[in-house]
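Novice: Can you read through this structure? Questions will come right after.
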Amino acid sequence: MGRKLDPSRKEKRGPGRKARKQRGAEVELARFLPPGKCGPDRPAAAPRRPRPSDRRVSSRRAGERQEEAVQSRQKEAAGQTARGHSGFSDSNSKWLAPAKAKKSQPKGNHVELSSDGEVEEGSWEMEEDEDGSSEEVVDDYGASSSEEEELRSISVILFFVLREVLSEDDSEEEEEEEEEAEEASKQKMGQKEEEGPDLQLNLDIDEQFKLPTSEEIEKEDILFILFPPAEPPDLHVIHQRIQGNMEVLQDFGVKREEGRSRQEYLAQLRRDMAAYYSYSDFLLTKLMDIFPLPELINFLEANEVPRPVTIRTNTLKTRRRDLAQALINRGVNLDPLGKWSKTGLVIYDSTVPIGATPEYLAGHYMLQGASSLLPVMALAPQENERILDMCCAPGGKTSYIAQLMKNTGMILANDSNAERLRSVVGNLHRLGVTNAVVSNCDGRQFPKVLGGFDRVLLDAPCSGTGVISKDPAVKTNKDEKDILRCAHLQKELILSAIDSVNAASETGGYIVYCTCSIMVEENEWVVDYALKKRNVRLVATGLDFGKEGFTRFKDRRFHPSLKCTRRFYPHTHNMDGFFIAKFKKFSNAIPQAQKEPAVEAAAPSAAPDSTVTEPPSKKKKLEGSKADKEQKVPQPQPALKKKRSLQAQRRPLKA
Numbered sequence: 113m114g115r116k117l118d119p120s121r122k123e124k125r126g127p128g129r130k131a132r133k134q135r136g137a138e139v140e141l142a143r144f145l146p147p148g149k150c151g152p153d154r155p156a157a158a159p160r161r162p163r164p165s166d167r168r169v170s171s172r173r174a175g176e177r178q179e180e181a182v183q184s185r186q187k188e189a190a191g192q193t194a195r196g197h198s199g200f201s202d203s204n205s206k207w208l209a210p211a212k213a214k215k216s217q218p219k220g221n222h223v224e225l226s227s228d229g230e231v232e233e234g235s236w237e238m239e240e241d242e243d244g245s246s247e248e249v250v251d252d253y254g255a256s257s258s259e260e261e262e263l264r265s266i267s268v269i270l271f272f273v274l275r276e277v278l279s280e281d282d283s284e285e286e287e288e289e290e291e292e293a294e295e296a297s298k299q300k301m302g303q304k305e306e307e308g309p310d311l312q313l314n315l316d317i318d319e320q321f322k323l324p325t326s327e328e329i330e331k332e333d334i335l336f337i338l339f340p341p342a343e344p345p346d347l348h349v350i351h352q353r354i355q356g357n358m359e360v361l362q363d364f365g366v367k368r369e370e371g372r373s374r375q376e377y378l379a380q381l382r383r384d385m386a387a388y389y390s391y392s393d394f395l396l397t398k399l400m401d402i403f404p405l406p407e408l409i410n411f412l413e414a415n416e417v418p419r420p421v422t423i424r425t426n427t428l429k430t431r432r433r434d435l436a437q438a439l440i441n442r443g444v445n446l447d448p449l450g451k452w453s454k455t456g457l458v459i460y461d462s463t464v465p466i467g468a469t470p471e472y473l474a475g476h477y478m479l480q481g482a483s484s485l486l487p488v489m490a491l492a493p494q495e496n497e498r499i500l501d502m503c504c505a506p507g508g509k510t511s512y513i514a515q516l517m518k519n520t521g522m523i524l525a526n527d528s529n530a531e532r533l534r535s536v537v538g539n540l541h542r543l544g545v546t547n548a549v550v551s552n553c554d555g556r557q558f559p560k561v562l563g564g565f566d567r568v569l570l571d572a573p574c575s576g577t578g579v580i581s582k583d584p585a586v587k588t589n590k591d592e593k594d595i596l597r598c599a600h601l602q603k604e605l606i607l608s609a610i611d612s613v614n615a616a617s618e619t620g621g622y623i624v625y626c627t628c629s630i631m632v633e634e635n636e637w638v639v640d641y642a643l644k645k646r647n648v649r650l651v652a653t654g655l656d657f658g659k660e661g662f663t664r665f666k667d668r669r670f671h672p673s674l675k676c677t678r679r680f681y682p683h684t685h686n687m688d689g690f691f692i693a694k695f696k697k698f699s700n701a702i703p704q705a706q707k708e709p710a711v712e713a714a715a716p717s718a719a720p721d722s723t724v725t726e727p728p729s730k731k732k733k734l735e736g737s738k739a740d741k742e743q744k745v746p747q748p749q750p751a752l753k754k755k756r757s758l759q760a761q762r763r764p765l766k767a
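In our numbering, the protein residues as written are 113 to 767.
Right under this line is the structure:
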């Protein structure tokens, strides 16, 4: 199965690469040097990192050893000169012949360096000369074998001493270099931190935003159409251009380019935002009309982030405190939704699926957005009332109404889509709602089917521009026709909802109109239309937060009471975009359309809620009738006009 290591024979490791020492130098020094010259014994591998004082001592000792070795070699050289071996001549030509050596059995302890730098024990004996003389053999430089052995021992000592000194010097140099590098890096970082704001300020001052010329824009469009890029555009460059354009527009008089109008800057900003956030040009134009530019950027950024998951406690079966404790025990991180809600909980994260817990299956809570709770709170249903939910799918608002009514009275849950009613029935059964009746009718025909309700909730179908974070397809698939189509349907539904309410109800007579859109055409425009067509007035919604609705938008002027409506945005309230309006019906009579001649007489007696600006065509007719009355010119009778037209038709055409 492999070699087994003996833990008792485990070799100890040194403290690190720099502090690691070479082993064996002390042993060799003790063997070849006389006692007392090699210094005190030290361990082969020090357990700690050498200090600077130790390094200085070791370097001094190494220097002393080198001096001793040099002195010994000088003495040996002096002895050689004393014996007369100063050079080569004809008399001593036998010195020129190289000595032949053969390896024999060792007679004593001699030292020789191996190829690895290790010391090997052995002896070399020189062969005798051809003459058979047994004189001591010397080398080419006049050194005998004994002297050669001494030189070899000295060279070994010098080798190990120099290696140790060089290793220590290298370690010291490396440490010094590392310390210098660290200090230099710290100084550079400090300089960058000090110089960073100044450099950035200089860049901001020097670089000014410049609009691309019309020729450059046309060239880019043509190239994009003919040769679409393989890679998407650089979003970082586009984002910087948006920021620069915004800075210019906020201080347009100072930072604008000469000869450039504000419309050119806005057009370029719309192009860049359409490319960066992937919106259609139509929708961005609408949003730029609704929001100021800084708020528009916040709205677009908020649509890129999903809204937090929220749930509504079903008080028909449990309390919010008990539900929160049960979910916390299952690993759910949650908090109360806010002071404005007594039943909502916001979910931050969970280790279990929120839509499949035993509490969810038992009907203790409903997955519902925070903005969907607001219309029911504005409706404020009372016990034992008759309430109509005209567009009820998927049943979240219907079950909340039943919860507030404590399963008393009657709720008519209606939806025109039969497929969506399946989810309504399932949720009502799961949540324990027993006072609801589900119907599948067209809401526009509902007053003829059933009427006389105390309260009506109309969550009208809309374009969905307030829930872009849930459905990003809205960015590009909506146009002017879709908005006008939704607005026309909403006007029909709101008139049907008003007609379904009994104005003489003791506790009710209220209608709540809401959409998940932020378009003015689907909200304030529809509400103003209802104020003109029915005997209703706007009342406070009862919600303490939210922005007021528009009373004027571009060239349109709406009724002043539209301040009672509320708008909710994702970037300010962290919930889906929503619009809520609450009506109070004060008469069941439907006002008749007034004729044109009677407009002037009926104007003083008109209700203050229905005051609107007259179209220019009507104004011209009124001015013309006034001028005719002042001049007393007789107007032709309607019967006479008909007779003349018939006569003109009967006359034959002249050839």
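Glycine is no exception: its CB is placed at the ideal position from the N, C-alpha and C atoms. From a predicted model like this one, the values you see are computed outputs, not experimental measurements.
Three or more beta-carbon pairs under 8 Å between the segment 652-665 and the segment 519-527, yes or no?
Specialist: Contact fails: fewer than three Cβ-Cβ distances are below 8 Å.
Novice: Among residues of its own chain, excluding the 5 on either side of I580, which ones have a beta-carbon nearer than 6 Å to its beta-carbon?
Specialist: The sequence position of residue 580 within the sequence shown is 468, counting from 1. Correct list, in chain order: N415, V586.
Novice: Check each candidate in N700, T684, L596, V632 and name the one with the smallest Cα separation from R411.
Specialist: To locate residue 411, count along the sequence shown from 1; it is residue 299. Going by the sequence as given, residue 411 is Phe instead of Arg. Looking from the CA of F411, the closest CA among N700, T684, L596, V632 belongs to T684.
Novice: Can you name the residues that DSSP bridges to M522?
Specialist: For the purposes of this step, residue 522 is taken as residue 410 along the sequence shown, with counting starting at 1. M522 is bridged to R498.
Novice: If you check the beta carbons only, do G544 and G475 fall under 8 Å apart?
Specialist: Mapped onto the sequence shown, residue 544 falls at position 432. Mapped onto the sequence shown, residue 475 falls at position 363. If you check the CB distance, G544 and G475 come in under 8 Å.
Novice: Would you call the CB atoms of I630 and F565 closer than 8 Å?
Specialist: The sequence position of residue 630 within the sequence shown is 518, counting from 1. The sequence position of residue 565 within the sequence shown is 453, counting from 1. Not in contact: I630 and F565 (Cβ atoms no closer than 8 Å).
Novice: Going by C-alpha distance, which of L395, V360, Y477 is nearest P406?
Specialist: As a position in the sequence shown, residue 406 is number 294, starting the count at 1. With respect to the C-alpha of P406, the residue from L395, V360, Y477 having the closest C-alpha is V360.
Novice: Which stretch, first to last residue, makes up the beta strand (DSSP E) that contains A548?
Specialist: Here the question's residue 548 lines up with position 436 in the sequence shown. It spans 548-551 - the beta strand (DSSP E) in which A548 sits, taken as one unbroken run.
Novice: Whole angstroms is fine: what's the gap from D571's alpha carbon to G371's?
Specialist: Sequence index remark: in the sequence shown, residue 571 carries index 459 (1-based). Sequence index remark: in the sequence shown, residue 371 carries index 259 (1-based). So the two alpha carbons sit approximately 49 Å from each other.
Novice: Closer than 7 Å by C-beta to K696: which residues in its own chain qualify, once you throw out the five before and the five after it? Chain order, please.
Specialist: Taking the first residue of the sequence shown as 1, we reach residue 696 at position 584. Correct list, in chain order: G621, Y622, V648, R649, V651.
Novice: Taking just the CA atoms, how far does E291 sit from E230?
Specialist: For the purposes of this step, residue 230 is taken as the residue at position 118 of the sequence shown. For the purposes of this step, residue 291 is taken as the residue at position 179 of the sequence shown. With a pLDDT of only 44 at E230, under the threshold of 50, the placement of this residue in the model should not be trusted, and no figure is reported.
Novice: Hey, quick one: how far does the beta strand (DSSP E) through F690 stretch, first residue to last?
Specialist: Position 578 of the sequence shown, counting from 1, holds the residue named residue 690. Run containing F690: 690-697, per the beta strand (DSSP E) assignment.
Novice: Once you ignore the five residues that flank T653 on each side, which residues in its own chain have a CB closer than 6 Å to its CB?
Specialist: In the sequence shown, counting from the first residue as 1, residue 653 sits at position 541. Answer for T653: A490, R678, I692, K694, listed in chain order.
Novice: What number of angstroms, rounded off, separates the C-alpha of K215 from the C-alpha of E289?
Specialist: For this step, residue 215 is matched to residue 103 along the sequence shown. For this step, residue 289 is matched to residue 177 along the sequence shown. Note on K215: pLDDT 44, under 50, position unreliable in the model; no value is reported.
Novice: Are three or more beta carbon pairs between the segment 545-562 and the segment 503-516 nearer than 8 Å?
Specialist: yes
Novice: Could you pull the DSSP bridge partners for M478 from this structure?
Specialist: Taking the first residue of the sequence shown as 1, we reach residue 478 at position 366. Its beta-bridge partners are R424.
Novice: Cβ of Y477 within 8 Å of Cβ of I440?
Specialist: As a working note, residue 477 is residue 365 in the sequence shown. As a working note, residue 440 is residue 328 in the sequence shown. Cβ distance not < 8 Å, so Y477 and I440 don't count as in contact.
Novice: What are the partner residues of N445, as DSSP defines its beta bridges?
Specialist: Your numbering for residue 445 matches position 333 in the sequence shown. According to DSSP, which records beta bridges pairwise, N445 is partnered with D461.
Novice: Apply the 10 Å Cβ neighbour rule to N589 and answer buried if 16 or more other Cβ atoms are within range, or exposed otherwise.
Specialist: If you number the sequence shown from 1, residue 589 lands on position 477. Flag for N589 reads exposed.
Novice: In whole angstroms, what separates the C-alpha of I459 from that of C503?
Specialist: For this step, residue 459 is matched to residue 347 along the sequence shown. For this step, residue 503 is matched to residue 391 along the sequence shown. Between I459 and C503, the C-alpha separation is close to 27 Å.
Novice: Note down the Cα distance separating D583 from E294, rounded to an integer number of angstroms.
Specialist: Position 471 of the sequence shown, counted from the first residue, corresponds to residue 583. Position 182 of the sequence shown, counted from the first residue, corresponds to residue 294. For D583 and E294, the distance between alpha carbons rounds to 53 Å.
Novice: CB-CB under 6 Å to A255, same chain, minus the five flanking residues each way: which ones, in chain order?
Specialist: Counting from one through the sequence shown, the residue named residue 255 turns up at place 143. Low confidence applies here, because A255 scores a pLDDT of 49, under 50, leaving its location unreliable and the question unanswered by this model.
Novice: For A436, which residues in the same chain have their Cβ closer than 7 Å to its Cβ, ignoring the five residues on either side in sequence?
Specialist: In the sequence shown, residue 436 corresponds to position 324, counting from 1. If we look at A436 and ignore the five residues flanking it on each side, its Cβ neighbours are L446, L457.
Novice: Given a cut-off of 8 Å on the beta-carbon distance, is the pair P559 and D611 in contact?
Specialist: The residue labelled residue 559 in the question sits at position 447 within the sequence shown. The residue labelled residue 611 in the question sits at position 499 within the sequence shown. Going by beta carbons, P559 and D611 fall inside the 8 Å limit.
Novice: Could you spell out where the alpha helix (DSSP H) holding F558 opens and where it closes?
Specialist: The sequence position of residue 558 within the sequence shown is 446, counting from 1. Taken as a continuous stretch (DSSP letters only), the alpha helix (DSSP H) holding F558 covers 558-561.
Novice: By how many angstroms is the C-alpha of I350 removed from the C-alpha of N552?
Specialist: On the sequence shown, position 440 is the one that residue 552 refers to. On the sequence shown, position 238 is the one that residue 350 refers to. If you take the alpha carbons of N552 and I350, they lie about 50 Å apart.
Novice: Rank R556, R498, A599 by C-alpha distance to the C-alpha of R567 and give the top, closest one.
Specialist: The count along the sequence shown starts at 1 and reaches residue 567 at position 455. Measuring from the Cα of R567, the nearest candidate turns out to be R498.
Novice: Within this structure, are the beta carbons of G443 and T425 separated by less than 8 Å?
Specialist: As a first step, residue 443 must be located in the sequence shown, where it is residue number 331. As a first step, residue 425 must be located in the sequence shown, where it is residue number 313. For G443 and T425, no; Cβs fall outside 8 Å.
Novice: Going by beta carbon distance, what residues of the same chain come within less than 7 Å of F403, once the five residues before and after it are set aside?
Specialist: Taking the sequence shown and counting its residues from 1, one reaches residue 403 at position 291. F411.
Novice: With DSSP as the reference, label L473 as helix, strand or coil.
Specialist: Within the sequence shown, the letter at position 361 stands for residue 473. Here L473 sits in helix by DSSP.
Novice: Per DSSP, which residues does L569 bridge with? Please list them.
Specialist: Within the sequence shown, numbered from 1, the residue matching residue 569 stands at position 457. Answer is D501, V624, bridged to L569.
Novice: Residues bridged to K659 by DSSP?
Specialist: Walking along the sequence shown from the start, residue 659 turns up at place 547. In DSSP, K659 forms a bridge with R679.
Novice: Starting from L650, follow the beta strand (DSSP E) in both directions and report where the run begins and ends.
Specialist: Position 538 of the sequence shown holds residue 650. That run of the beta strand (DSSP E) goes 648-651.
Novice: Rounded to whole angstroms, what is the Cα-Cα separation between C574 and V366?
Specialist: Indexing the sequence shown from 1 puts residue 574 at position 462. Indexing the sequence shown from 1 puts residue 366 at position 254. C574 and V366 have their C-alpha atoms spaced approximately 42 Å apart.
Novice: Could you check which residue in Y388, E413, R382 has the C-alpha nearest to that of M400?
Specialist: Taking the first residue of the sequence shown as position 1, residue 400 is located at position 288. It is R382 whose Cα lies nearest to the Cα of M400.
Novice: So, is T619 buried or exposed, given that buried needs 16 or more other C-beta atoms within 10 angstroms?
Specialist: Within the sequence shown, residue 619 is the residue found at index 507, counting from 1. It is exposed - the Cβ of T619 has fewer than 16 other Cβ atoms within 10 Å.
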